[in-house]
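**Student:**
Protein chains: 2
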Amino acid sequence: MIPKEPVEIVEVGPRDGLQNISQYVETDQKIELIGLLAQSGLKEIEIGGFVHPKAIPQFRDIAEVTKGLDNIKGVKFTALIPNLRGARNAIESGIKKMHFVFSVSKSHNLSNARRTPDQSLVELKEIMVLASSDPGLEISVDLATTFGCPFEIEVKRDDIMYYVNRVYDLGVRSMTLCDTAGYGNPRQVGEIFQSCLEHRPEVLFRAHFHDTRGLGLANALAAYQAGVRSFDSSIGGLGGCPFAPGATGNVATEDLVFMFDEMGIENGVNVRALFEVCRYLEKMIPDVPITSSLYKAGFPGDHKVCRTS
Amino acid sequence: MIPKEPVEIVEVGPRDGLQNISQYVETDQKIELIGLLAQSGLKEIEIGGFVHPKAIPQFRDIAEVTKGLDNIKGVKFTALIPNLRGARNAIESGIKKMHFVFSVSKSHNLSNARRTPDQSLVELKEIMVLASSDPGLEISVDLATTFGCPFEIEVKRDDIMYYVNRVYDLGVRSMTLCDTAGYGNPRQVGEIFQSCLEHRPEVLFRAHFHDTRGLGLANALAAYQAGVRSFDSSIGGLGGCPFAPGATGNVATEDLVFMFDEMGIENGVNVRALFEVCRYLEKMIPDVPITSSLYKAGFPGDHKVCRTS
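Shown next as structure tokens:
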């Protein structure tokens, strides 16, 4: 039996989606996009990253975007930080919740962040010290490549638990396990989340899936069955790996919300409002296809004739 | 815990896929396609339909296709039959297993087969009498629109059980529950299959999903967890509703096999051999996109760099 406990949907499209897009999106468009997302009922939105503008030029206006959202109340706006410098800038801009990301796979972290996972932990320690100055600040950690790495393929379960424990020891109580390359499968996803939830019940574990091989929703279902109640997703399915042309990206918010809606699982998001956001996206970034299945197919009943079994 | 019992994958692309394609595929190409599918390890393949050539011109050569497969041993070649006449023609051509299809939704069956479901049952009764003359003949029934109908949206659970029972009473012990329009969700799929399996343990229940709203694999997972061990799928994701442009069709065989492979569930199919079939499809029907996620993304490790979480 699948339970009916509510879930939290966290929008990461403005960060994980836009960071992969070559077209620079103007500041006011970013703010409008995030505003539309907030109107759909999403209560937490990752709006970008406090990263060096040479690393990801898309986020060079992140401070302005943050300020531009000041008048939207009741929504938590979060940002990615790759290092201590990013944390300082985020705090200065008024961000209250930050996501520090590193890969549990050494080769991926070296390629992506130019340091080993253990070096990332040293950085995290400094960030935790910085954040401790203000009790209103939250640090969450994204463990990238948890379900597989493009270089090492499989990531050892012991390595995952090792980093979960190390991050826990630094005082972090919110962690997102990310299927960065879309390698996860439902059995593995269920087992890993079950281990984590049993081992560290004080931690809020969130799931972040990509739909690269069509398993995004199946993995979300498996994570839900294992007890996960918080999920990242990206409007329109934006995001993913730009080096796999034609491949789908992050699990689309509208697909995930639709699945939970259909299963009678409360999530607080108006899926039809998300379609408005998709239409805005199509105007905003016309060269980027909306890959979500629901947006392409429409809602049940939209198409009346299907001569098939 | 997800079990590890093996599954049977049944290929329906040459029937459910090709019936939706406007391009006529030549007889020798159909035979080559089916031959390649057989080489991948698939043990049951639905090769087309014995239907009136005006209804589906694609299958006007079904008798020749059937004969052309005579020299392939160890694979069961099946065909769809919409009526008694189709059954007679199929038997005459040497087909040993036939799929009679009707919709549990009255309005869909009226639109698709121009008769009510109860009238379809009368036809089925006659087919069962015909088939009883040869103990080597198998009749299986596809219950279309089980998980939702484009006209009526939701199909009552009582109606599903009513038709399962009526079909059972006619002596049928193999039934496929079809998500014709891609409306199913994992909770509903799990519950309906569980009811059917508990209520009629003598019947082999098979699942037939479309990936229209991205839920194909999640639904397959839910069906597997409910005890289903036999699945239809279509090479390259061919099929689906031609009236929802851009929408994906049937669950792709390579996506389904990949999911089971990754979960350590034996299925007897060589997923890399399916990629060869996809490449053949691209040459055979160049205007029809291959929609399967795995074919677009490639296998884990094919793309080495993903700068993302």
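Chains as they are written, first to last, in our numbering: chain P, 316 to 624; chain V, 316 to 624. For every residue, glycine included, the Cβ atom is placed at its ideal position computed from N, Cα and C.
How many Å lie between P465 of chain V and P604 of chain P at the Cα?
**Tutor:** 26 Å
**Student:** Between L395 of chain V and E438 of chain V, which are expected to be in contact by the criterion C-beta below 8 Å, what is the C-beta distance as a whole number of angstroms?
**Tutor:** So it is not a contact: roughly 13 Å between Cβ atoms.
**Student:** Could you name the residues of the segment 563-578 of chain P whose beta carbon sits closer than 8 Å to any beta carbon of chain V, in the order they occur along the chain?
**Tutor:** T563, A567, D570, F573, M574, E577, M578
**Student:** Using beta carbons (cut-off 8 Å, strictly below), is Y478 of chain V in contact with chain P?
**Tutor:** no
**Student:** Scan the segment 492-515 of chain V for residues whose Cβ lies nearer than 8 Å to a Cβ of chain P and list them as they occur along the chain.
**Tutor:** C493, T495, A496, G497, Y498, N500, P501, R502, Q503, G505
**Student:** Name, going along the chain, the residues of the segment 362-393 of chain V whose beta-carbon falls closer than 8 Å to a beta-carbon of chain P.
**Tutor:** none
**Student:** Check the Cβ-Cβ distances between C621 of chain P and every residue of chain V, and say whether any is below 8 Å.
**Tutor:** Low local confidence applies: a pLDDT of 49 at C621 of chain P is under 50, so the model's placement there is unreliable, with the coordinate-based value given in what follows. Yes - at least one Cβ of chain V is within 8 Å of the one on C621 of chain P.
**Student:** Do F520 of chain P and V456 of chain P have their C-beta atoms closer together than 8 Å?
**Tutor:** no
**Student:** Give the residues of chain V in contact with S408 of chain P, contact being defined as C-beta atoms less than 7 Å apart.
**Tutor:** Taking a Cβ-Cβ threshold of 7 Å, none of the residues of chain V is close to S408 of chain P; the smallest such distance is about 20 Å.
**Student:** Got a sec: which bits of the segment 519-536 of chain P sit with their beta carbon under 9 Å from any beta carbon on chain V, in order along the chain?
**Tutor:** So the list reads H523, H525, D526, T527, R528, G529, L530, G531, L532, A533, N534, A535, L536, given in the order they occur along the chain.
**Student:** Taking contact to mean at least 3 C-beta pairs separated by less than 8 Å, is the segment 487-505 of chain V in contact with the segment 528-540 of chain V?
**Tutor:** Touching, yes, given that three or more Cβ pairs across the two stretches are closer than 8 Å.
**Student:** Counting only runs of 3+ residues fully inside the segment 519-587 of chain V, write out the beta strand (DSSP E) ranges in chain order.
**Tutor:** If we require 3 residues or more, the beta strand (DSSP E) runs fully inside the segment 519-587 of chain V come out as 519-523, 545-548.
**Student:** Taking Cβ positions, are Q373 of chain P and I410 of chain P nearer each other than 8 Å?
**Tutor:** For the pair Q373 of chain P and I410 of chain P, the CB atoms are not nearer than the 8 Å cut-off.
**Student:** Please list the partners that L306 of chain P has in chain V, where partner means a Cβ-to-Cβ separation under 7 Å.
**Tutor:** Residue 306 of chain P falls outside the range modelled here, since chain P spans only 316 to 624, and no answer is possible.
**Student:** Using 8 Å as the cut-off, can you tell me whether the segment 485-495 of chain P makes contact with the segment 443-457 of chain P, which would need three or more C-beta pairs spanning the two stretches below that distance?
**Tutor:** yes
**Student:** Whose C-alpha, out of P:E320, P:A353, P:S608, is nearest the C-alpha of V327 of chain P?
**Tutor:** P:A353
**Student:** Excluding the five sequence neighbours on either side, which residues of its own chain have a C-beta within less than 7 Å of the C-beta of G579 of chain P, listed in chain order?
**Tutor:** K319
**Student:** For the putative contact between G542 of chain P and H525 of chain P, defined by C-beta atoms under 8 Å, what is the C-beta separation to the nearest angstrom?
**Tutor:** Not really, about 21 Å apart at Cβ, beyond 8 Å.
**Student:** Find the residues of chain P that neighbour L609 of chain V, judging by a C-beta separation of less than 7 Å, and give them in chain order.
**Tutor:** R528, G529
**Student:** Look up T381 of chain V in the DSSP assignment and say whether it is helix, strand or coil.
**Tutor:** helix
**Student:** According to the Cβ coordinates, are T460 of chain V and V419 of chain V closer than 8 Å?
**Tutor:** yes
**Student:** On a Cα-Cα basis, can you pick out the residue from P:S607, P:K421, P:P615 that is closest to L571 of chain P?
**Tutor:** P:S607
**Student:** If you measure from the beta carbon of P465 of chain V to each beta carbon in chain P, is any gap under 8 Å?
**Tutor:** At a cut-off of 8 Å, the C-beta of P465 of chain V has a neighbouring C-beta in chain P.
**Student:** Reducing DSSP to helix, strand and coil, say where E591 of chain P ends up.
**Tutor:** helix
**Student:** Between G328 of chain P and chain V, is any beta-carbon pair separated by less than 8 Å?
**Tutor:** no
**Student:** Rounded to whole angstroms, what's the CA-CA distance from D433 of chain V to P397 of chain V? Just pull it up for me.
**Tutor:** 14 Å
**Student:** Return the first residue and the last residue of the alpha helix (DSSP H) that M490 of chain V is part of.
**Tutor:** It is not in any alpha helix (DSSP H) - M490 of chain V instead sits in the beta strand (DSSP E) that spans 489-493.
**Student:** Smallest Cα separation from A370 of chain V: which of V:S422, V:D343, V:A428, V:G552?
**Tutor:** Selected option, being the one with the closest Cα: V:A428.
**Student:** Using only CA atoms, which one of V:P615, V:F508, V:Y610, V:E581 lies nearest to L589 of chain V?
**Tutor:** V:Y610
**Student:** Around the Cβ of V444 of chain P, are there at least 16 other Cβ atoms within 10 angstroms (buried) or fewer (exposed)?
**Tutor:** The residue is exposed, with fewer than 16 neighbouring Cβ atoms inside 10 Å.
**Student:** For C593 of chain P, which residues of its own chain have a beta-carbon under 8 Å away from its beta-carbon, when the five flanking residues on both sides are left out?
**Tutor:** I550, G551, E569, I605, S607, Y610
**Student:** For C621 of chain P, which three-state DSSP category applies?
**Tutor:** Its pLDDT being 49, under 50, C621 of chain P is placed unreliably in this model, and the value from its coordinates should be taken loosely. Coil, per DSSP.
**Student:** From D331 of chain P to E506 of chain P, what distance separates their C-alpha atoms?
**Tutor:** 26 Å
**Student:** Between which two residues does the alpha helix (DSSP H) holding H423 of chain V run?
**Tutor:** Per DSSP, H423 of chain V is one residue of the alpha helix (DSSP H) stretching across 421-428.
**Student:** In whole angstroms, what separates the C-alpha of V380 of chain P from that of V470 of chain V?
**Tutor:** 47 Å
**Student:** Determine, using beta carbons only, whether I349 of chain P comes closer than 8 Å to chain V.
**Tutor:** no
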